[in-house]
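Structure first, commentary second.
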Amino acid sequence: MIWPVCWALALAAAATPRSVAAGAYDGCRTIIIGAGMGGAYTAWRLAVDDGGATVPAASICVFERAARPGGRIRTVTDLPAAFGGAALDVGGYRFHRAEHPTLRGLVEGPLGLTTHCYSDPLGDALRGLAANGSVHVTRRVRACPLITRPALIARGSRFVPRAGVPFSTSATVDEQVKAKWSPELPYTIPPDARWGLGGNSPAAPRSPFGLLFGPRSVLPEIASRWIRLVTAPDYAAAMGVADEMLAALRGATFRGVPLHELSVYQLAIAVGVTPEELALTQDTSAGANVAAQVAVSSIVGETIRNVALGMAPLDGPRDFVVPVAPDASGAGVNRTGMGTIVERLLDAATAAGVRVFYNHRAVLARPWWSTSTLVAFEGGAVVRASRLFLNMGKPDVVALGTTSVPTHGASPAFRRAFAALRVFGLSKAYCAWPDAWWLTALNATAGIGGSGGPTVSLRYHDGSVRCADAATRGGCSGSLLVSYNIGDVAGAASGLYIASHDGAGLSATSDTDAPRVLDGAALSGRDRLLWDAIHGELRRLHDPLLAAAGVAGGVPDAAACVTAGWVDLGVHVATPNGAGVGLPDDALEAFVAPAAGGGGARGAPVHLVGEAYSQEHAWAEGALRSAERALYHGVGLGVGRPPWLDAILHDSVIVRFNRGGA
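So, in structure tokens, the structure goes:
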């Protein structure tokens, strides 16, 4: 194809931006667009872990549109004094030690970072394990504190611990809602779906997800093998059963509809789950409204594999953890943030010779003859890539335009897979108090609370707290995650409500960033609307609890809050919409090679890396797996298994794309 003369002339005349030294891009051939987890990891794997054996480190250049790395992994420390200089993750914030083995192996292996239980902000599980040294050693903690749901307001009904039950150990929602149906519940449940009543009644509320898993799954490929999976004698056997199950599901249907053309929600409706049952599920679990829109093939692939991964031999907790700094002070756990992981990767990569350029927004990427692709940036810079990794979410890829790769010349498989991706918004808000009232008055160290309003789905264990005496909850101050909402675009329980108060939000074309600070001493009118909404919801849920604990005055005003609205650049899920009809599910393979089988000028090989392009949507683990697949399967690459990743996992999940089989 011959490109327009004006395009060629523009490239020939393009100059290096004034802020970048002349010749700074010389030798850039392996181009990574985006310094999020997927982009940083790709650079590190090639330059450091692989030692430049496949691609010389000096030829690797990372271009990031923002002034910082990380993407939706956003650790902030430059906050008002009330936050105490703590690191807060206003975006991605945790990983699972068992279910996210690639990230665990990286973090606790070559990066040498320390992790600890996400649900233990005061270090209760560590207390007494060691003296005169670092106590934050994950391997010495066998289990993390349970995350329960001690307080919930749903449809005007209030569920809180009964008299005499400590808030800190209460599992109110499980005990008062999920254990047994009651006419006092604010949901109209049909008689045959009422649970916990003995006889033939269901043991638990019916949910869209419960239909898929267990020996009574509506999918026979799962039901017939489930007991073998959960009773497998060891990790290798469990992974083998998972492979068998996933192979059987490949091409399976539900009532004649392929599983990648069917959402969890569609299946639930077809089976007869009522809107009232769906409402109960959404009110009592975070993110259920998003997960219900996911293609069945995607969610069963991730979940079945996670069950097997849960049987891997581990020397520590099989639970969610966060990076921490060693600290034997007893004042609380000193969290360092998920951003630490990205920074460590890039620091090591740059030390090996990789170049990283910030404030470089890619605006065009067009094939140039048969083996190169020209990438143009805002400001006039142009580089010629012999290989291109795109660590960009769907909105950013769309913003490149249809004449850019990967859309230009894409295969039908890629077009279907890309069309099926949906971005769901989410938001977070933290507030800080000089008196951490949830700890000092309620001893709420772990748990999830909800007021049923648009701002509050809070987490008592999330935030940064320090105490004069953590063991007795004495003299505690710090921050609390007061709002974490995802997915409901109507705004009642989503990132959209928080984001609607931000007049300059983050998007694929904006120059802003997500965090926004609300200073309690200097609130604008727009700030005040959100401030009052947050505090109103907190008080509605907690003021009666504080009064019962002998605390007068209810929840005090915070000193400051910080919010982050990830609405346009949130998390991705694979939906049936746009997935094609009667066509195979080959999305993971298509993201590794978008042009395979496509027409037009090919240019340099292109690979998409990030949580969007995996089955593990929304997780950093997904970004790493997508990168590993690109590095292993990419034409001319063939980068082998990293030594810190177990061979069984690599073969099943990377080599065979988690498709099952032998």
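Letter by letter, the sequence shown follows residues -22 to -1, 1 to 640 in mature numbering (1 follows the signal peptide of the UniProt record, and there is no 0). Note that the Cβ used here is the ideal one computed from N, Cα and C, for glycine as well.
Start and end residues, alpha helix (DSSP H) containing residue i
{"i": "His585", "result": "His585 -> not in any alpha helix (DSSP H); beta strand (DSSP E) instead, spanning Val584 to Leu586."}
{"i": "Asn267", "result": "Ala266 to Ala269"}
{"i": "Ser461", "result": "Taken as a continuous stretch (DSSP letters only), Ser461 belongs to no alpha helix (DSSP H), being part of the beta strand (DSSP E) at Gly452 to Ile464."}
{"i": "Gly288", "result": "Here Gly288 belongs to no alpha helix (DSSP H), and DSSP marks it neither H nor E."}
{"i": "Ile247", "result": "Val242 to Val249"}
{"i": "Val219", "result": "Tyr213 to Leu227"}
{"i": "Asp374", "result": "Lys372 to Leu378"}
{"i": "Asp261", "result": "Pro253 to Asp261"}
Buried versus exposed call for residue i [16 or more other C-beta atoms within 10 Å across all chains shown]
{"i": "Asp305", "result": "buried"}
{"i": "Ile476", "result": "buried"}
{"i": "Leu175", "result": "exposed"}
{"i": "Ser451", "result": "Ser is not the amino acid found at residue 451; the sequence shown has Arg there. Answer is buried; the Cβ neighbour count reaches 16."}
{"i": "Asn267", "result": "buried"}
{"i": "Asp440", "result": "buried"}
{"i": "Val467", "result": "Confidence is the limiting factor: at Val467 the pLDDT is only 41, short of 50, which leaves the residue's position unreliable, though a coordinate-based value still follows. The residue in question, Val467, is exposed, as its Cβ has fewer than 16 Cβ neighbours within 10 Å."}
{"i": "Asn178", "result": "exposed"}
{"i": "Asn369", "result": "buried"}
{"i": "Arg580", "result": "buried"}
{"i": "Phe298", "result": "buried"}
{"i": "Asn636", "result": "buried"}
{"i": "Arg194", "result": "exposed"}
{"i": "Gly638", "result": "buried"}
{"i": "Asn463", "result": "buried"}
{"i": "Leu507", "result": "exposed"}
{"i": "Val155", "result": "buried"}
{"i": "Ile205", "result": "exposed"}
{"i": "Ser307", "result": "exposed"}
{"i": "Asp489", "result": "exposed"}
{"i": "Arg283", "result": "buried"}
{"i": "Leu561", "result": "exposed"}
{"i": "Leu627", "result": "buried"}
{"i": "Leu436", "result": "buried"}
{"i": "Ala552", "result": "buried"}
{"i": "Thr433", "result": "buried"}
{"i": "Val559", "result": "exposed"}
{"i": "Pro161", "result": "exposed"}
Any chain C beta carbon closer than 8 Å to residue i
{"i": "Gly106", "result": "Looking for chain C here will not work: only one protein chain is present."}
Residue i, enclosing beta strand (DSSP E) - first and last residue
{"i": "Pro345", "result": "Ala340 to Trp346"}
{"i": "Ser435", "result": "Ser435 to Arg437"}
{"i": "residue 644", "result": "Residue 644 is absent from the structure shown; the chain starts at -22 and stops at 640."}
{"i": "Ala363", "result": "Val360 to Ala363"}
{"i": "Thr328", "result": "Looking at the DSSP string, Thr328 is not in any beta strand (DSSP E); the run it does join, the alpha helix (DSSP H), is Gly317 to Ala329."}
{"i": "Gly428", "result": "Ile426 to Gly428"}
{"i": "Val302", "result": "Phe298 to Ala303"}
{"i": "Leu399", "result": "Leu399 to Trp411"}
{"i": "Val334", "result": "Arg333 to Phe335"}
Nearest residue (CA-CA) to residue i, options the options
{"i": "Leu84", "options": "Phe232, Pro301, Arg172 and Pro211", "result": "Pro301"}
{"i": "Thr80", "options": "Gly638, Gly639 and Ala625", "result": "Ala625"}
{"i": "Glu153", "options": "Ile131, Pro432, Phe137 and Ala(-2)", "result": "Phe137"}
{"i": "Ala(-2)", "options": "Ala359, Val545 and Gly528", "result": "Ala359"}
{"i": "Thr150", "options": "His550, Gly453 and Gly428", "result": "Gly428"}
{"i": "Arg118", "options": "Ala330, Ala270, Val219 and Arg296", "result": "Arg296"}
{"i": "Asn555", "options": "Val249, Leu516, Arg400 and His520", "result": "Arg400"}
{"i": "Asn421", "options": "Pro144, Ser307 and Gly357", "result": "Pro144"}
{"i": "Arg52", "options": "Leu566, Leu627, Pro493 and Leu561", "result": "Pro493"}
{"i": "Gly425", "options": "Pro432, Leu417 and Gly87", "result": "Leu417"}
{"i": "Glu255", "options": "Gly616, Val274, Pro180 and Cys409", "result": "Pro180"}
{"i": "Asp563", "options": "Cys95, Leu100, Thr231 and Leu207", "result": "Thr231"}
{"i": "Gly456", "options": "Ala537, Pro236 and Val529", "result": "Ala537"}
{"i": "Ala303", "options": "Glu77, Thr93, Trp22 and Gly288", "result": "Thr93"}
{"i": "Leu258", "options": "Pro211, Pro620, Glu77 and Trp159", "result": "Trp159"}
{"i": "Gly531", "options": "Ala419, Tyr610 and Ile512", "result": "Ala419"}
{"i": "Ile125", "options": "Arg133, Ser148, Gly134 and Ala141", "result": "Ser148"}
{"i": "Gly317", "options": "Gly106, Pro88 and Asp67", "result": "Asp67"}
Runs of alpha helix (DSSP H) wholly within the region 476 to 558 (minimum 4 residues, chain order): 503 to 526
Runs of alpha helix (DSSP H) wholly within the region 105 to 170 (minimum 4 residues, chain order): none
Given 8 Å, three or more beta-carbon pairs between the region 339 to 350 and the region 69 to 77: no
Three or more C-beta pairs below 8 Å linking the region 619 to 633 and the region 591 to 608: yes
At least 3 beta-carbon pairs within less than 8 Å: the region 348 to 365 vs the region 539 to 548: no
Length at least 4, wholly inside the region 2 to 59: the alpha helix (DSSP H) runs in chain order: 15 to 22
Stretch-stretch touch, CB-based, cutoff 8 Å, three pairs: the region 564 to 578 with the region 386 to 398: yes
The region 40 to 58 touching the region 264 to 279, judged by at least three CB pairs closer than 8 Å: no
3-residue-minimum beta strand (DSSP E) runs that sit fully inside the region 563 to 630, ordered along the chain: 584 to 586
The region 23 to 30 contacting the region 581 to 599, beta-carbon criterion three pairs below 8 Å: no
Any 3 or more C-beta pairs closer than 8 Å across the region 402 to 409 and the region 123 to 141: no
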